[in-house]
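Letter by letter, the sequence shown follows residues 244 to 803 in our numbering. Report on the following structure.
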Amino acid sequence: MKGAKAIVRSLEEEGVKHLFGILGGSIMEVYDVLYDRGPRHILMRHEQCAAHAAEAYARVSGKTGVCIATSGPGATNLVTGIADAQLDSSPMVAFTGQVPNHLIGNDAFQETDIIGITMPITKHNFQITKTDDIPHTIKAAFKIASTRRPGPVLVDLPKDIQQNKLTKKFAYPKDVNLAGYKEMKSAGHAGQIKQAAKVLINSERLVILAGGGVIISNASLQVYKLSESLGAPVATTLMGKGCFPEDHPLSLGMTGMHGRKTANLAISECDVLLSVGCRFSDRITGDIKHFAPDAIKIHVDIDPSEIGKNVQANIPIVGDARLVLDNLIKAVGRLKSKKNTAWSRKIAEYKKEYAPVYDYDSVPLKQQCVMKAINELIDDKTIITTEVGQCQMWAAHYLNMKHPRTFISSGGLGTMGSGFPFAIGAKVAKPDYKVIDVASDGSFLMTGNDLATCVEEKIPVVVALLNNRYLGMVKQWQDLFYDKRRSHTSLGEVPDFVEYAKSFKAGGIRIEKLDEIKPAFKQALEADIPYVLDFHIDPDEHVLPMMLPGGKPQEMIESH
């Protein structure tokens with residue numbers, strides 16, 4: 244069997260159903276096999292979009308996403324998407340073509356050292372030098388990508404490896420033993436679980452902070468049970484959004500720089516903070532000296548390197564979030580639980596006082612009005628993706644998500660242009676869901692050419708474009724911190740996004756008035772083609788409240 248066929252067979256054995264990629268000279272052998280067999284291949288129009296689509300596919304489905312590109316520029320174009328997956332702990336395997344082994348290091352045509360380039364931004368990477376190693380290496384790649392703290396793995400495929408034949412019969416292993424790497428199913432240290440349970444029971448002002456690790460480990464139900472048993476309010480990070488239903492009375496919404504003030508105040512005033520699957524990034528904590536200053540901090544994370552990295556934990560618990568929470572629930576159940584009504588009343592007062600305002604009747608349209616319309620559309624089969632910038636924070640702050648794996652956004656890397664290919668990957672993973680990308684003109688133009696992919700591959704996603712003709716988040720910082728000196732943030736008046744969409748044979752609607760919002764969404768969501776909804780919004784509206792960079796979480800800018 245030729246190496247190229249062994250690669251495709253390995254993907255079949257692994258249960259891969261979809262690939263996102265673009266071919267080129269160094270990967271054509273694999274694509275020749277894909278002509279006759281293998282997973283469905285989605286031909287993207289840019290490799291960065293292939294990586295983003297694979298990441299969203301993984302985050303929505305819980306499976307490992309797969310992208311593929313040729314050598315040189317094809318491989319380097321994957322880099323941004325790979326880095327995004329690394330920072331957001333998304334399981335992904337990226338395959339790259341490479342020049343033949345005997346030409347590596349000779350500056351051959353379209354040769355790049357993709358192993359060296361991606362070493363800092365992958366969980367692991369491989370370059371196959373023997374054709375017989377293909378099944379074992381691919382199995383190892385999927386195992387590493389999907390276990391412990393997930394992440395991207397790159398497999399580099401020299402062309403001669405694809406062309407040569409295996410010297411033995413193809414056999415795909417059920418498992419592989421990897422030196423220095425073991426799967427981790429720890430349920431936490433029993434003593435620390437017991438200690439944490441006592442602290443939780445005796446707390447007067449408890450807050451649970453749920454991060455992306457809750458979603459990755461499928462621990463949303465456990466967070467829900469623990470919250471209800473203790474009467475504990477739940478705040479989420481951007482990556483944890485959706486793991487706890489945001490229409491629940493105990494939901495505080497998102498915390499952090501652009502989070503809800505209620506969430507930030509609750510964390511600032513709590514006496515116990517139970518953080519699960521959260522790495523305490525600077526966007527969450529602000530000035531660490533003022534982050535939950537009086538709280539006993541219990542930190543649950545599968546990655547021991549995250550414990551104490553940014554915020555010192557009083558009770559560290561290393562383990563899988565779902566298994567640890569199962570044990571915590573049992574331990575708490577064995578103790579006498581009490582619910583603090585004074586804390587509950589205070590949280591309810593904060594939620595009432597600082598509730599997001601959605602209703603505005605003005606021209607130009609307010610972004611809040613668009614968010615209100617999307618909120619009314621969200622049901623059990625709705626996935627929201629976002630671009631990066633103001634549009635991302637409008638969605639994160641204002642949209643109420645009820646289920647895990649339904650809100651997909653770039654957290655750690657903050658990658659402009661990611662939301663649209665995220666929507667593509669999400670729709671391929673869940674074709675019976677409606678998928679809406681909350682977008683902006685600046686971010687969407689970075690990857691909007693993949694409208695061609697949506698049309699040709701029949702992937703009907705909806706782009707809700709918040710069009711203010713600015714790089715909005717940078718402009719907001721310029722207005723607030725640089726005396727309104729808007730240096731190079733105006734995007735001008737081109738393109739006409741309706742005509743842009745129609746040039747791809749997609750749908751497009753321009754919306755400028757309040758009563759046009761709902762009909763536009765109805766038309767787009769009932770269509771069988773992708774749609775761009777061009778909302779002409781107030782260019783001077785800021786996403787507020789906002790925590791000062793490096794500031795105190797409880798002190799937020801509330802007006803401008």
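Note that beta-carbon positions come from the ideal geometry of N, C-alpha and C, so glycine has one too.
- The beta-carbon separation of Leu397 and Asn368, rounded to 4 Å, stays under the 8 Å limit for a contact.
- Residues Pro282, His284, Val309, Ile311 of the same chain have their beta carbon placed closer than 6 Å to that of Leu262, with the five preceding and five following residues left out of the count.
- Bounds of the beta strand (DSSP E) holding Leu400 are 395-401.
- For Phe740, the secondary structure class from DSSP, reduced to helix, strand or coil, is helix.
- Contact check for His785 and Gln721: beta-carbon distance about 11 Å, past the 8 Å limit, so the pair fails to qualify.
- Taking Pro378 as reference, the option from Lys366, Gln405, Lys615 with the minimal CA-CA separation is Gln405.
- Using a Cβ-Cβ distance cut-off of 8 Å, the stretch 663-683 and the stretch 519-537 are not in contact, since fewer than three pairs of beta carbons, one from each stretch, lie closer than that value.
- Straight across, the Cα-Cα distance linking Ala328 with Thr629 is about 15 Å.
- Residue pairing for Pro559: DSSP places it in a beta bridge opposite His542.
- In this structure Arg648 is in contact with Gly485, their Cβ atoms being roughly 7 Å apart against a cut-off of 8 Å.
- Annotation: Ile539 to Asn445 spans about 11 Å, alpha carbon to alpha carbon.
- For His379, no pairing in a beta bridge is given by DSSP.
- Contact between Ala388 and Thr307 is confirmed by a C-beta separation of about 5 Å, below the 8 Å threshold.
- Partner residues in the beta bridge of Tyr774, as assigned by DSSP, are Val705, Gly750.
- Ala453 and Val276 have their C-alpha atoms spaced approximately 44 Å apart.
- Following the DSSP letters along the chain, one finds Phe687 inside the alpha helix (DSSP H) bounded by residues 684-690.
- In the same chain as Glu798, and ignoring 5 residues on each side of it, the C-beta atoms closer than 8 Å to its own belong to Met790, Leu791, in chain order.
- In the DSSP assignment, Leu694 falls within the alpha helix (DSSP H) that extends over 694-699.
- Look at Ala249 here: in three-state DSSP terms it is helix.
- Taking a 10 Å sphere around the C-beta of Ser686, we find 16 or more other C-beta atoms and assign the residue as buried.
- In the three-state DSSP reduction, Phe764 falls in the helix class (H, G or I).
- For Tyr713, the pairing in a beta bridge is given by DSSP as Ser733.
- By alpha-carbon distance to Asn407, the top candidate from Thr365, Ile617, Ala439, Glu272 is Glu272.
- Counting along the chain, Thr498 sits inside no beta strand (DSSP E), nor does DSSP assign it H or E at all.
- The Cβ atoms of Ala574 and Ala763 do not sit closer than 8 Å to each other.
- Val554 and Thr528 do touch by the CB rule: their CB atoms are close to 6 Å apart, below 8 Å.
- Gly315 is not a Cβ neighbour of Thr365, given a cutoff of 8 Å.
- Under the three-state reduction of DSSP output, Met362 falls in the helix class.
- Spanning the alpha carbons of Met659 and Lys532 requires a straight line of approximately 31 Å.
- Between Pro416 and the set Lys428, Ala384, Asp399, Gly394, the nearest pair of CA atoms involves Ala384.
- 8 Å or more divides the Cβ of Ile360 from the Cβ of Thr339.
- Per DSSP, the continuous alpha helix (DSSP H) segment holding Gly455 begins and ends at 455-459.
- The DSSP-derived three-state label of Leu493 is coil.
- Following the DSSP letters along the chain, one finds Ser304 inside the alpha helix (DSSP H) bounded by residues 290-304.
- Membership of Ile626 in the beta strand (DSSP E) is indicated by the continuous run 625-629.
- Contact check for Leu708 against Val775 passes: the beta carbons are separated by less than 8 Å.
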